[in-house]
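As structure tokens, the structure follows; a few thoughts come after it.
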Amino acid sequence: MNYRQIIAVDAMGGDFGPSIVIAGVAEAFSKLEGTKFMLYGDRDKIGVELDKYEALKPHAEIHHTDKAISSEEKPSTAVRNSKGSSMRLAIEAVKDGRADAIVSAGNTGALMAMSKLLLRCLPGINRPAIASVMPTMTGKSVMLDLGANLTCDAEVLTQFAVLGAVYARVVQGITKPTVGLLNVGTEDMKGHEELRNAASVLSNVEFPGKYYGFIEGDDITKGTVDVVVTDGFTGNIALKTAEGVGKLSKEYLTQAFKSSPFAMLGYLLSRGAIKKMKDRVDPRKYNGGMFLGVNGVCVKSHGGSDAEGTANAIMVASNLVQNGFNQRVAAQIEQLMDQESFISVVGV
82 MNYRQIIAVD AMGGDFGPSI VIAGVAEAFS KLEGTKFMLY GDRDKIGVEL
132 DKYEALKPHA EIHHTDKAIS SEEKPSTAVR NSKGSSMRLA IEAVKDGRAD
182 AIVSAGNTGA LMAMSKLLLR CLPGINRPAI ASVMPTMTGK SVMLDLGANL
232 TCDAEVLTQF AVLGAVYARV VQGITKPTVG LLNVGTEDMK GHEELRNAAS
282 VLSNVEFPGK YYGFIEGDDI TKGTVDVVVT DGFTGNIALK TAEGVGKLSK
332 EYLTQAFKSS PFAMLGYLLS RGAIKKMKDR VDPRKYNGGM FLGVNGVCVK
382 SHGGSDAEGT ANAIMVASNL VQNGFNQRVA AQIEQLMDQE SFISVVGV
């Protein structure tokens, strides 16, 4: 059978292993016509779960290994000991051209380190970034970097802007996505030198997006721009802070509704509206951290995600493959590097 795409899955990754991963694969399979799955991990454990999904079985291959990367391992240790592991074998399938994408819920640092080592970066990309789609007041935006690079120079930030803009354009369908640099203020003189240099480049070069300017933290959830660009240190803190505020808001709301019989009545009357709100910010719908900039499609699923979240991560990988994301990035980076305004600032 000729398949539209082949996706390699680290079936041993995540907090729950094959039980959740295979359920997520089955859910994604029901939405992805013409997709084959290569499942890496313990044959017996995967087989037990796969037997539950008769429609999926003919389109799934089990590649046995009893070795898996622990979520507690340091990336350097994980890479040294990675040979024959489910994560590494899945990445190697992409490297060798046997699969179009790899999805794993395993150790984030190990997955990034192995992806960089085995797949390398796309031509013209210095460092890959972790990117994810975020819910906003106006819809959705993509944010990068979320933790791969603690510090970034102007050239890397500019490359991130291209990566984010191409994603917003080809996957989200935004013709000219707006791009903002996350800063401590919106004035031109704010921020460190590399941030200001990146702003200078983006203000003067042709790239797939439209440079908006500096944005502040509250602009992320406002949806001020389609693409939020920052270094991994700032981005990871912003992401974790947003997650914490979400949990805090949920707890406060729960306490408020339980505070009196009238409050409980108010909850019963507003359940429909609350459900709509929960659906809009449901983290499962945004699961799937994309490793943009590596020479192959690699998506990280949250370790604690359920089947629906796992399926969404697989859908994210499929979207990148079907839209030819990496090929489009390579073309845009080549155009960027030829522009004088880019060369004059970053010195390449």
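Residue numbers (this note's numbering): 82 to 429.
A virtual CB, placed ideally from N, CA and C, is assigned to each residue, including glycine.
For clarity, every value in this text was computed on a predicted model and none was experimentally measured.
Worksheet item: GLY95 by DSSP, collapsed to three states: which one?
Response: coil
Item to complete: Take ALA344 and list the residues in its own chain whose beta-carbon comes closer than 8 Å to its own, dropping the five residues that flank it on each side.
Response: Cβ within range, chain order: ALA337, PHE338.
Discussion item. Taking 7 Å as the limit between beta carbons, can you name the residues of its chain near ARG169, skipping five residues before and five after?
Written reply: SER163, MET195
Worksheet item: Near THR189, which residues of its chain fall below 7 Å by C-beta distance, leaving aside the five closest residues on each side in sequence?
Response: LYS381
Worksheet entry | Span of the beta strand (DSSP E), counted from its first residue to its last, around THR116 | Per DSSP, the continuous beta strand (DSSP E) segment holding THR116 begins and ends at 116 to 122.
Worksheet item: Pick from GLY390, ILE414, GLN420: whose alpha carbon is nearest that of GLN240?
Response: ILE414
Worksheet entry | Secondary structure of ALA212, DSSP reduced to three states | In the three-state scheme derived from DSSP, where H, G and I count as helix and E and B as strand, ALA212 is classed as strand.
Discussion item. Bridge partners for TYR292 per DSSP, in chain order?
Written reply: VAL260
Worksheet item: To which residues of the same chain is GLY327 closer than 7 Å at the C-beta, ignoring the five residues directly before and after it?
Response: VAL362
Worksheet item: What are the residues that DSSP puts in a beta bridge with SER222?
Response: In DSSP, SER222 forms a bridge with MET215.
Fill in: Inter-stretch contact (C-beta, 8 Å, three-pair minimum) for the stretch 221 to 232 and the stretch 401 to 410
no
Item to complete: Would you check if the distance between the CB atom of ILE296 and the CB atom of VAL90 is smaller than 9 Å?
Response: no
Practice prompt. Look at the alpha carbon of LEU262 and the alpha carbon of ILE255, and state the distance between them as a whole number of angstroms.
Written response: 18 Å
Item to complete: Measure how close the beta-carbons of HIS140 and LYS117 come, nearest whole angstrom, since I'm counting them as under 8 Å.
Response: 5 Å
Worksheet item: Are GLY304 and ALA186 close, meaning C-beta to C-beta below 9 Å?
Response: no
Discussion item. Per the DSSP calculation, ILE318 is bridged to which residue(s)?
Written reply: Per DSSP, none; premise fails for ILE318.
Discussion item. Would SER163 pass as an interface residue toward chain D - the criterion being a Cβ-Cβ separation below 9 Å?
Written reply: Of the protein chains in the structure, only one exists, and it is not chain D.
Discussion item. Please state the DSSP three-state secondary structure of GLU142.
Written reply: strand
Worksheet item: For GLY245, which option in PHE288, PRO364, SER284, ALA280 has the closest C-alpha, if you only look at C-alpha atoms?
Response: PHE288
Discussion item. So, under 8 Å CB-CB, VAL175 and LEU200 are touching, yes? Tell me the CB distance rounded to an integer number of Å.
Written reply: 6 Å
Fill in: Nearest candidate by alpha-carbon position, reference SER213, set ASN407, PRO364, GLY377, MET418
PRO364
Practice prompt. Mind checking who ALA89 pairs with in its DSSP beta bridge?
Written response: Under DSSP, ALA89 shares a beta bridge with MET119, ILE183.
Discussion item. Rounding to the nearest angstrom, what Cα-Cα distance links VAL102 and ASP123 in this structure?
Written reply: 13 Å
Worksheet item: So ILE88 packs on ASP181, CB below 8 Å; how close in whole Å?
Response: 7 Å
Worksheet item: For LEU346, which three-state DSSP category applies?
Response: helix
Worksheet item: Can you name the start and end residues of the beta strand (DSSP E) that LEU373 belongs to?
Response: 370 to 373
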